[in-house]
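Presented below is the structure to which this report refers.
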Amino acid sequence: MLLSVDTFRSPYLRALEVSTVEEQPAISRRWSELEYQALWYAGAFGSNFRATNGSLVEVIQFGFWNREPGPDFVNAVIRTDGAQEFKGDIELDMNVADWERHGHGDNPAFRNVVLHLFLQNSGSDFFTRTMDHREVVQVQLKTTGLTLTDTESALAKPGACCGPLSNLPEAQLDQVVETAAWIRLERKALALRRSVRIHGIDEALFQALAIALGYKWNKIPFLIIAQRITLGRLRSDRTAAEAILFGLSGFLEQSLSTDQQEDRYLSALWTHWWKLRSELHDLMLRADLWRLGGSRPNNHPHRRLGALAQIASGWSDFRKLTTDLDAAADWFQRLSHPFWDFHYSLRSAPSPRRISLIGTSRVKDIVANVLFPVLVISGNADWTVFKSIRAELGNTLLEIVCLRLFGDSVRGQQHAHFLYQQQGLLQIFEDFCLNDRTDCRACRFPGLIANWQEKEVKGEK
Ligand code: SF4
Numbered sequence: 010m011l012l013s014v015d016t017f018r019s020p021y022l023r024a025l026e027v028s029t030v031e032e033q034p035a036i037s038r039r040w041s042e043l044e045y046q047a048l049w050y051a052g053a054f055g056s057n058f059r060a061t062n063g064s065l066v067e068v069i070q071f072g073f074w075n076r077e078p079g080p081d082f083v084n085a086v087i088r089t090d091g092a093q094e095f096k097g098d099i100e101l102d103m104n105v106a107d108w109e110r111h112g113h114g115d116n117p118a119f120r121n122v123v124l125h126l127f128l129q130n131s132g133s134d135f136f137t138r139t140m141d142h143r144e145v146v147q148v149q150l151k152t153t154g155l156t157l158t159d160t161e162s163a164l165a166k167p168g169a170c171c172g173p174l175s176n177l178p179e180a181q182l183d184q185v186v187e188t189a190a191w192i193r194l195e196r197k198a199l200a201l202r203r204s205v206r207i208h209g210i211d212e213a214l215f216q217a218l219a220i221a222l223g224y225k226w227n228k229i230p231f232l233i234i235a236q237r238i239t240l241g242r243l244r245s246d247r248t249a250a251e252a253i254l255f256g257l258s259g260f261l262e263q264s265l266s267t268d269q270q271e272d273r274y275l276s277a278l279w280t281h282w283w284k285l286r287s288e289l290h291d292l293m294l295r296a297d298l299w300r301l302g303g304s305r306p307n308n309h310p311h312r313r314l315g316a317l318a319q320i321a322s323g324w325s326d327f328r329k330l331t332t333d334l335d336a337a338a339d340w341f342q343r344l345s346h347p348f349w350d351f352h353y354s355l356r357s358a359p360s361p362r363r364i365s366l367i368g369t370s371r372v373k374d375i376v377a378n379v380l381f382p383v384l385v386i387s388g389n390a391d392w393t394v395f396k397s398i399r400a401e402l403g404n405t406l407l408e409i410v411c412l413r414l415f416g417d418s419v420r421g422q423q424h425a426h427f428l429y430q431q432q433g434l435l436q437i438f439e440d441f442c443l444n445d446r447t448d449c450r451a452c453r454f455p456g457l458i459a460n461w462q463e464k465e466v467k468g469e470k
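In this text, residue positions in the sequence shown follow my numbering: the first is 10, and each later residue adds one.
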């Protein structure tokens, strides 16, 4: 694979290591334990960890997400220090002390827990113990580098790197952006590989597509739906698959109104959902997990869920195309649905014009975040091909990223015409801006750019 990116790659990764050393990881204000559990179960935190007692912990099997009272994941297998294997359950808490606060230490249902995951420590030593006084291995999860982090924490204003970036010659700037794009792709491929290991290729792909459709505010609810219902279940009950997705999302409950019952599509969904509602009721998503405003009408989550249902129903066709980037992208672009081709949401009036079920920019996003990583893990990726894919402009997040990195200059937009360039800029934003809590003061990116430029000028590598 071509790599003009090698010279900048090591300094970039080193800067990240320094920037991400933190005592207490950033916790999203919007996410609860449930959302972090979904990320864990998708393999987003990885499978190899350093426990609080210094031992190495490898998760061999992630087990099953428990829907009953008791630990969060059951029948998992972990290995410690490359030697001893333990089979049992896994509990994930926001704070390490929640173990005692929630009474797990005295609860027989938690007797078989072999791994206690937490996001924040309690500030003092805290040992996780079962009711038999067995000490449980603890791992503090790091949220840095997560590919699903919120994008709302970085302010839309020029950052401290505008100066160093403005001094960088065009070719070097493009090399910086390409390096970040390549690192992003490697991470996506790694995340997909982990998910494949836990769920198998079809479920992992389906979850990745659900996340891509949830962009940008609803990735987690889409992931949770895909994890809870599974592609396998949707494919085994094809006539009800669409109703199951809308029922689980809770959107049908919100759209229940007698004056809408004449709506044939909504009524058809309800007809199927009524029969399954008591069985699946416990898996329904809370309404507050969704963010319904703030995106363009044709990106409404209702439409995106309609698209996910269409993808599930055409799964066999899609899977035949996964190694052909153009054909797969074309397949997504041609997806169609009699209701969703003309409606923005379950309750909206029909549009006089046809609306693409999955628009061009979302297809490009699917190419970058799902289809190309599939090619990477199957050994069929061609970076030159990826670099030649043009991108759509007019993306609000990209505008914020360009403002942060380039200020009012048009330079950012000039380096965003290709998909790899947009992906690279997004990666810099996620790696540095979203992990910065010092208003740029402690950010390593400006120094990284300045040092690298100096070395290039001196001809050092
Ligand atoms: S946090 Fe770092 S990368 Fe982001 S704008 Fe500030 S200096 Fe630039």
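Cβ coordinates follow ideal geometry from the N, Cα and C atoms, glycine included. Please read all numbers here as calculations on a predicted model, not as lab measurements.
In the structure shown, what three-state DSSP assignment does residue i receive?
i	result
Thr-405	helix
Asp-102	strand
Ile-367	coil
Asn-84	strand
Trp-40	coil
Arg-138	strand
Val-30	Caution applies to Val-30, whose pLDDT of 46 falls short of 50 and renders its modelled position unreliable; the value that the coordinates give is listed next. The answer is coil: DSSP assigns Val-30 none of H, G, I, E or B.
Asn-307	helix
Trp-108	helix
Gly-97	strand
Phe-73	strand
Arg-399	strand
Val-419	coil
Gly-256	helix
Asn-378	helix
Lys-464	helix
Arg-297	Looking at the sequence itself, residue 297 is Asp, so the reference to Arg does not match. Three-state DSSP puts Asp-297 in a helix.
Tyr-224	coil
Asp-115	helix
Leu-214	helix
Which residues does DSSP pair with residue i in a beta bridge?
i	result
Ile-458	According to DSSP, Ile-458 bridges with nothing at all.
Leu-232	According to DSSP, which records beta bridges pairwise, Leu-232 is partnered with nothing at all.
Glu-144	Arg-138
Phe-66	According to the sequence displayed, residue 66 carries Val and not Phe. Val-66 is bridged to Phe-58, Thr-89.
Trp-349	According to DSSP, which records beta bridges pairwise, Trp-349 is partnered with nothing at all.
Phe-17	According to DSSP, Phe-17 bridges with nothing at all.
Gln-149	Phe-127
Phe-427	Arg-399
Using a Cβ-Cβ cutoff of less than 6 Å, which residues in the same chain neighbour residue i once the five nearest sequence positions on both sides are dropped?
i	result
Glu-42	Met-103
Leu-25	Asp-440
Gly-315	His-346, Trp-349
Ala-198	Pro-382, Val-385, Ile-386
Ala-377	Leu-428, Gln-432
Val-145	Val-122, His-125, Thr-137
Pro-455	Ala-169, Cys-170, Pro-173
Where does the unbroken alpha helix (DSSP H) through residue i begin, and where does it stop?
i	result
Thr-393	392–396
Phe-441	Note, Phe-441: premise wrong, no alpha helix (DSSP H); not H, not E.
Arg-196	179–208
Val-385	381–386
Asp-246	That residue, Asp-246, is in no alpha helix (DSSP H); it is neither H nor E in DSSP.
Ala-336	334–342
Asp-326	324–328
Cys-171	171–175
Leu-261	260–263
Short of 8 Å in beta carbon distance, which residues of its chain neighbour residue i, apart from the five on each side in sequence? Order them along the chain.
i	result
Leu-434	Val-186, Ala-189, Leu-407, Val-410, Cys-411, Leu-414, Gly-421, His-424, Ala-425
Leu-330	Ala-336, Ala-337, Trp-340
Asp-417	Pro-167
Under the assumption that residue i contacts residue j (Cβ atoms under 8 Å), give the Cβ distance between them as a whole number of angstroms.
i	j	result
Leu-285	Ala-249	6 Å
Asp-107	Met-140	Incorrect: roughly 16 Å between the Cβ atoms, too far for contact.
Leu-232	Ala-47	5 Å
Ala-177	Ile-458	Residue identity differs from the one stated: residue 177 is Leu in this sequence, not Ala. Indeed they touch by this definition, with Cβ atoms about 6 Å apart.
Apart from the five residues on each side of it in sequence, which residues of its chain come closer than 7 Å, Cβ to Cβ, to residue i?
i	result
Gln-270	Confidence in Gln-270 is poor, its pLDDT being 46 and thus under 50, which makes the residue's placement unreliable; the coordinate value appears in the next sentence. Excluding sequence neighbours, Gln-270 sits near Ser-276.
Ala-252	Leu-278, His-281, Trp-282
Glu-44	Ile-229
Ala-318	Ala-250, Glu-251, Leu-254
Thr-239	Glu-212
Phe-73	Phe-82, Val-83, Asn-84
Along the chain, where does the beta strand (DSSP E) containing residue i start, and where does it finish?
i	result
His-281	Unbroken run through His-281 is the alpha helix (DSSP H), 273–289; no beta strand (DSSP E).
Leu-124	122–129
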